[in-house]
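Asker:
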Amino acid sequence: MLRTPTCTPTSPPVRSGAWRSASDRSPSTASSCAPSWSPCSSGVCYTENQSSATQPRLSYAEMTEDYPRYPDIHDLDLALLNPRMIVDVTPYMNPSPYTVSPNTHISQVFNLFRTMGLRHLPVVNAVGEIVGIITRHNLTHEFLVAKLRQHSISV
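Following the UniProt record's numbering, the numbering of the sequence shown begins with 1 at its first residue and continues without gaps.
(1) Extract the residue ranges of the alpha helix (DSSP H) inside the UniProt domain "CBS" (93 to 153), only unbroken runs of 4 or more that lie entirely within it.
(2) What did DSSP end up calling glutamate 62 once you bin it into helix, strand or coil?
(3) List the whole-angstrom C-beta distance separating leucine 149 from threonine 135, where the pair is believed to meet the contact cut-off of C-beta under 8 Å.
(4) Tell me, to the nearest whole angstrom, how far the beta carbon of proline 122 is from that of proline 97; I am working on the premise that it is less than 8 Å.
(5) Rounded to the nearest angstrom, what separates methionine 63 and glutamine 55 at their Cα positions?
(6) Thinking just about the alpha-carbon of each residue, which of Asp88, His105 and Pro95 is nearest to the one in leucine 139?
(7) Let me confirm a value: phenylalanine 113 is counted as buried when at least 16 other C-beta atoms fall within 10 Å, else exposed. Which label applies?
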């Protein structure tokens, strides 16, 4: 169901700073800025002292209703959101997203993007901390040439 993970931690860390799962942006955008309903008024949100077990689940159809034209993050009116309300994204998480280490060769990264249709790829160090994120843009010819020039000038 989750095809393109984003690289934000979506679950409590196993240990301080360790990252263990990802979700795509569907639950976030659907729950925070869907034009047809307010998530908190529709019961999708709950307060910190309530159980998430009673939280209604968004269907896949609801999450992807606006795909591929999800609202931009800047379209969110944060004044309308209640900071004490929470949306549990655990049901929408991918518990085993693709990741790479900081020393992964660029050709392996490119092949992973190409074969798996990724949009983002977290770079995770040996202790499970996110140390970076690779996007499709980072693999374009222009970006790579600019980085090579920057590296050769600074060496």
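Cβ atoms here follow ideal geometry from the backbone N, Cα and C, with glycine treated the same way.
Computed from a prediction, not measured in an experiment: that's the story for all the values here.
Answerer: Let's see:
(1) 106 to 116
(2) helix
(3) Sequence inspection shows arginine at residue 149; the leucine mentioned does not correspond to that position. With a Cβ gap of about 20 Å, arginine 149 and threonine 135 do not count as contacting.
(4) 7 Å
(5) Answer to the nearest angstrom: the Cα atoms are 15 Å apart.
(6) Cα-wise, what sits closest to leucine 139 is His105.
(7) buried
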